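Encoded as structure tokens, the structure appears first; notes follow it.
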Amino acid sequence: MKTLQEQLEAIQASTASRMTPEIIADMTQGYEELAGKKVLQKALKTGDTAPVFVLPNSEGNMIRSQDFLVKGPLVVLFYRGKW
Numbered sequence: 805m806k807t808l809q810e811q812l813e814a815i816q817a818s819t820a821s822r823m824t825p826e827i828i829a830d831m832t833q834g835y836e837e838l839a840g841k842k843v844l845q846k847a848l849k850t851g852d853t854a855p856v857f858v859l860p861n862s863e864g865n866m867i868r869s870q871d872f873l874v875k876g877p878l879v880v881l882f883y884r885g886k887w
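Position 21 (the sequence shown) corresponds to 825 in the numbering used here; numbering is contiguous.
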């Protein structure tokens, strides 16, 4: 059985083979920009308290973290991409 790393590399190779050079260049540039921002080093860690925030949800409506925290723990997902 292949390791997870081997499976991910196979998926990456298969996906890249179906992309144009322009798309690959865009994705590479996006990856490099993200890596340059050192987001992993700046990310909250387990046990950290997130700041209070207001963000748009998937429908574009602004939501406040406090409105959800009164109901219990809050999970926030961020989607990054260019469409």
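C-beta: ideal position from N, C-alpha, C; glycine also. What you are looking at is a predicted structure, and each value in this text was computed from that prediction instead of being measured.
- Message: Within a Cβ cutoff of 7 Å, which residues of the same chain sit near LYS846, ignoring the five residues on either side of it in sequence?
- Response: Sequence index remark: in the sequence shown, residue 846 carries index 42 (1-based). There are no such residues.
- For the 8 Å Cβ check, are there 3 or more pairs between the segment 826-840 and the segment 855-864? Contact fails: fewer than three Cβ-Cβ distances are below 8 Å.
- State yes or no: is the C-beta of LEU878 within less than 9 Å of the C-beta of ALA854? Here residue 878 refers to the residue found at position 74 of the sequence shown. Here residue 854 refers to the residue found at position 50 of the sequence shown. Their beta carbons are under 9 Å apart, which means LEU878 touches ALA854 by this criterion.
- Message: So for VAL794, helix, strand or coil by DSSP?
- Response: This structure gives no information on residue 794, because the portion of the chain shown stretches from 805 to 887.
- Query: Is PRO877 helix, strand or coil when you go by DSSP?
  - Reply: The sequence position of residue 877 within the sequence shown is 73, counting from 1. PRO877 carries a coil assignment under DSSP once its states are collapsed to helix, strand and coil.
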